[in-house]
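Student: Protein chains in written order, with our numbering: chain D, 419 to 855; chain A, 2 to 321. I'd like to ask you about the structure that follows.
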């Protein structure tokens with residue numbers, strides 16, 4: 419289908435392009451930015467007056483809950499949420515049930531997502547069978563099925579020898595290993611160690627849970643030459659270690675979640691289970707360090723850490739509630755809020771949810787690597803059109819995601835969020851159009 | 002945040018639930034203690050009843066086993082003329098898979114007026130208070146490590162009874178503070194009532210450094226911790242903590258932190274010794290101290306009933 423997006427401000431963080439221009443799409447690709455041929459006949463016209471025309475967002479951490487947790491989220495509901503949030507590519511961790519440790523499961527997931535045409539789906543394969551931390555998965559086979567990397571999701575590998583072997587094996591083929599740095603034993607608490615957890619009588623997760631894991635990972639990187647993407651850093655001390663590792667030249671990238679970027683443990687208030695998150699919310703100094711590290715590029719990407727949780731699993735005492743929050747529909751707004759607070763220009767802000775995550779994925783994206791997360795003539799037409807001056811009050815009932823729990827619920831924050839998605843194109847097809855259009 | 006209003010107070014600042022001592026104004030605490038004083042005489046009458054809660058149904062919901070606390074709440078409610086229903090949930094509905102809130106909904110449908118809740122998870126009574134009908138009052142009878150506010154209040158009643166004034170006291174709390182809801186409630190109450198020196202005493206595994214942010218002095222040395230103390234509150238050491246990664250043995254704990262006559266001599270000559278019970282003789286406290294002239298452990302139990310009567314009658318009289 420031919421689509422013409424008129425009168426918008428085209429912002430492409432990768433090239434630095436920032437200009438008012440029309441954007442023409444045909445056969446799934448961007449055919450013109452500015453200089454649209456006079457005879458271009460669009461089947462669909464999108465008026466982007468007052469809007470930003472940006473690359474579709476690339477989210478490196480979103481759980482879709484299929485297979486195994488369909489009561490908490492389905493492919494269709496969650497990919498609709500992605501489209502409504504302007505997310506055109508997402509990476510899902512392998513902690514489904516069963517875990518994504520078989521090529522057949524990955525094939526099925528990719529096939530179903532393709533049929534929906536709402537968002538590109540890039541699964542991470544399980545690093546070990548059943549995420550048990552014992553036997554390596556068939557990484558080459560899983561890569562052929564479409565896995566873009568390998569991960570233990572939230573399950574730390576207890577056996578350091580298995581971890582080293584997994585990194586060695588992945589490094590053989592140049593696969594990236596995605597690890598959330600958390601020591602299994604120290605990470606058993608339900609809130610970050612500190613004054614709030616002590617006062618509320620909640621078991622704590624000390625910063626050392628993260629830093630010990632980081633030290634182990636970095637030592638193993640030195641030994642194996644593997645490439646690791648660190649998922650959802652949570653602490654100032656973790657940021658300092660990452661900065662040193664990057665300066666040393668280790669092959670490492672990292673992301674942070676929208677939750678850790680905006681919230682602290684004080685937000686737990688009176689045991690609000692919407693704040694039960696993994697990693698746990700830490701203190702103000704940690705949040706400040708994470709925000710600064712995302713701004714200076716030490717942390718590469720901002721992720722939604724989208725985790726739909728059903729009401730039964732959330733309306734429980736804080737420690738028993740399931741960790742996680744819905745996030746796909748909030749990623750853009752919370753990126754803009756952070757960028758605004760930090761005084762960043764729009765291209766630099768958007769880079770953290772477009773071009774930078776694509777760089778993290780690198781060659782695992784194959785032919786998409788050169789044009790996903792950016793706007794280039796001849797490239798894939800994954801586009802997000804949003805109104806930067808619109809604000810909205812997050813009302814969980816109105817979210818497309820099956821997950822209705824978010825710390826940013828207007829009823830509890832009283833704060834509206836900036837930026838509203840007007841249209842989302844995936845491979846040139848309109849995946850979402852806001853009711854106002 | 003909009004939802005941040007202390008859920009145990011109504012818009013007029015009156016107590017509608019008792020969930021934690023944290024955040025309660027001094028005047029509310031003093032009012033409870035004064036009211037308890039008037040109920041103390043009821044306990045000495047031949048007919049030990051007042052009709053304040055006549056026709057009301059008080060449900061004791063104990064998701065965690067307890068005999069002593071449940072009994073004192075039951076006595077207190079009965080002396081207020083309430084109908085008391087004891088539910089030992091640890092062995093009934095939740096064991097059959099019913100969710101916490103389903104249990105609450107079912108009991109609300111039976112027209113409960115008050116829930117007295119004990120639960121192993123910190124914060125569980127907050128969840129119940131948020132989801133029960135507006136006319137239902139919730140009393141926290143101990144949640145996880147978080148709070149045991151009626152114990153905190155009866156401790157304050159005891160201290161006030163024997164020491165009269167809070168403003169010149171040194172109070173030492175000794176033992177397993179990190180896992181203790183009693184310690185947290187005592188600390189909040191003592192700071193609110195103006196005690197100038199509160200010490201938390203124990204090894205680093207049981208007394209974390211960030212307790213200082215609650216307004217206490219952290220002491221890892223017993224002698225330093227109880228020197229010149231007016232009040233010593235010994236905490237119960239749970240069996241499962243007596244040997245493991247928290248402590249090597251009950252014996253070593255007693256040697257270093259157990260209260261003996263010898264150590265008690267370091268405190269003020271008129272110091273009182275308290276304990277929330279049940280006591281472990283020879284683990285945290287020597288029998289000669291528990292039964293000695295400084296011990297006020299049994300008066301604590303007596304005051305506990307009056308304090309629980311005061312709490313129940315006050316919250317039942319306030320509307321959400």
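Idealized CB from N, CA, C, for every residue including glycine.
Tell me the rounded alpha-carbon separation between residue 179 (chain A) and residue 258 (chain A).
Tutor: Cα to Cα, residue 179 (chain A) sits roughly 15 Å from residue 258 (chain A).
Student: Short of 7 Å in beta carbon distance, which residues of its chain neighbour residue 267 (chain A), apart from the five on each side in sequence? Order them along the chain.
Tutor: Around residue 267 (chain A): 224, 227, 228.
Student: Roughly how many angstroms lie between the CA atoms of residue 315 (chain A) and residue 130 (chain A), to the nearest whole one?
Tutor: Cα to Cα, residue 315 (chain A) sits roughly 17 Å from residue 130 (chain A).
Student: Are the C-beta of residue 179 (chain A) and some C-beta of chain D separated by less than 9 Å?
Tutor: Output row for residue 179 (chain A): interface = yes.
Student: Using a Cβ cut-off of 8 Å, which residues of the region 599-615 of chain D contact any Cβ in chain A, in chain order?
Tutor: Going along the region 599-615 of chain D in chain order, one finds 611, 612, 613 with a Cβ nearer than 8 Å to chain A.
Student: What first and last residue would you give for the alpha helix (DSSP H) that runs through residue 199 (chain A)?
Tutor: Counting along the chain, residue 199 (chain A) falls outside any alpha helix (DSSP H), though it belongs to the beta strand (DSSP E) covering 198-202.
Student: Short of 8 Å in beta carbon distance, which residues of its chain neighbour residue 855 (chain D), apart from the five on each side in sequence? Order them along the chain.
Tutor: In this predicted model, residue 855 (chain D) has a pLDDT of only 47, less than 50, meaning its place in the structure is not dependable; the value taken from the coordinates is given anyway. Answer for residue 855 (chain D): 464, 465, 840, 841, listed in chain order.
Student: Check the C-beta distance from residue 312 (chain A) over to residue 33 (chain A) and give it rounded, since I have them as a contact under 8 Å.
Tutor: Confirmed, Cβ separation roughly 6 Å.
Student: In the DSSP output, which residue or residues are listed as bridge partners for residue 594 (chain D)?
Tutor: Partner(s): D:645.
Student: Flag residue 123 (chain A) as yes if its beta-carbon sits less than 9 Å from any beta-carbon of chain D, otherwise no.
Tutor: Judged by the 9 Å Cβ criterion, residue 123 (chain A) is in contact with chain D.
Student: At the 9 Å Cβ level, is residue 567 (chain D) part of the contact set with chain A, yes or no?
Tutor: Not closer than 9 Å to any Cβ of chain A, the Cβ of residue 567 (chain D) fails to qualify, so no.
Student: Any contact between the region 449-463 of chain D and the region 484-491 of chain D? By contact I mean 3 or more CB pairs, one from each, below 8 Å.
Tutor: Result no; under three Cβ-Cβ pairs closer than 8 Å.
Student: Show which residues of chain D have a CB atom less than 8 Å away from the CB atom of residue 176 (chain A).
Tutor: Within chain D, no residue comes near residue 176 (chain A); the closest Cβ sits about 16 Å away, beyond 8 Å.
Student: Just the chain A side, please: which residues come within less than 8 Å of residue 617 (chain D) by C-beta, in chain order?
Tutor: Simply 23, 185, 214, 215.
Student: Measuring straight from C-alpha to C-alpha, what distance separates residue 540 (chain D) and residue 476 (chain D)?
Tutor: Distance between the alpha carbons of residue 540 (chain D) and residue 476 (chain D): 10 Å.
Student: What residue range does the beta strand (DSSP E) around residue 678 (chain D) cover?
Tutor: Where residue 678 (chain D) is concerned, there is no enclosing beta strand (DSSP E), although the alpha helix (DSSP H) it sits in stretches over 676-680.
Student: Using a cut-off of 8 Å between C-beta atoms, extract the partners of residue 102 (chain A) located in chain D.
Tutor: Near residue 102 (chain A) (Cβ distances below 8 Å), the residues of chain D are 733.
Student: What residues match up with residue 10 (chain A) in a beta bridge as DSSP calls it?
Tutor: Looking at the DSSP assignment, residue 10 (chain A) forms a beta bridge with A:16.
Student: Identify which residue in A:195, A:152, A:272, A:209 has its Cα closest to the Cα of residue 620 (chain D).
Tutor: Among A:195, A:152, A:272, A:209, the Cα nearest to that of residue 620 (chain D) is on A:209.
Student: Looking only at its chain, what residues have a beta carbon closer than 8 Å to the beta carbon of residue 3 (chain A), apart from the 5 residues adjacent to it on each side?
Tutor: Low confidence applies to residue 3 (chain A): its pLDDT is 43, below 50, so where it sits in the model is not reliable enough to give any reading.
Student: Would residue 794 (chain D) pass as a contact of residue 430 (chain D) if the rule is Cβ separation under 9 Å?
Tutor: Cβ atoms of residue 794 (chain D) and residue 430 (chain D): closer than 9 Å.
Student: To the nearest angstrom, how far is it from the Cα of residue 17 (chain A) to the Cα of residue 585 (chain D)?
Tutor: About 57 Å.
Student: So which residues on chain A does residue 620 (chain D) lean against when the C-beta distance must stay under 7 Å?
Tutor: Correct list: 123.
Student: So which residues on chain A does residue 730 (chain D) lean against when the C-beta distance must stay under 8 Å?
Tutor: Within chain A, the residues near residue 730 (chain D) are 100.
Student: In angstroms with no decimal places, state the Cα-to-Cα distance between residue 183 (chain A) and residue 633 (chain D).
Tutor: Distance between the alpha carbons of residue 183 (chain A) and residue 633 (chain D): 38 Å.
Student: What do you reckon, are the CB atoms on residue 306 (chain A) and residue 83 (chain A) nearer than 9 Å?
Tutor: No. Outside cutoff.
Student: Would you kindly report the start and end of the unbroken beta strand (DSSP E) that includes residue 439 (chain D)?
Tutor: From DSSP, the beta strand (DSSP E) with residue 439 (chain D) extends over 435-444.
Student: Since residue 596 (chain D) contacts residue 563 (chain D) with CB under 8 Å, what's their CB separation in whole angstroms?
Tutor: That pair is no contact at about 17 Å.
Student: How about the region 823-839 of chain D and the region 799-809 of chain D: do they share at least three Cβ pairs that are nearer than 8 Å?
Tutor: Yes: at least three Cβ pairs fall under 8 Å.
Student: Buried or exposed, going by whether 16 or more other CB atoms sit within 10 Å of the CB of residue 512 (chain D)?
Tutor: It is buried - the Cβ of residue 512 (chain D) has at least 16 other Cβ atoms within 10 Å.
Student: What would DSSP say about residue 79 (chain A), mapped onto helix, strand or coil?
Tutor: In this structure, residue 79 (chain A) counts as helix in the three-state DSSP scheme.
Student: Would residue 688 (chain D) pass as an interface residue toward chain A - the criterion being a Cβ-Cβ separation below 9 Å?
Tutor: By this cut-off, residue 688 (chain D) is an interface position.
Student: Run down chain A in chain order and give the residues with a C-beta less than 9 Å from the C-beta of residue 738 (chain D).
Tutor: What residue 738 (chain D) touches in chain A: 101, 122, 125.
Student: Is the shortest distance between the beta-carbon of residue 369 (chain D) and the beta-carbons of chain A less than 9 Å?
Tutor: As displayed, chain D neither begins before 419 nor continues past 855, which places residue 369 (chain D) out of reach and without an answer.
Student: Ends of the alpha helix (DSSP H) at residue 506 (chain D)?
Tutor: Residue 506 (chain D) -> not in any alpha helix (DSSP H); beta strand (DSSP E) instead, spanning 505-510.
Student: Can you name the start and end residues of the beta strand (DSSP E) that residue 424 (chain D) belongs to?
Tutor: Element bounds for residue 424 (chain D): 421-430.
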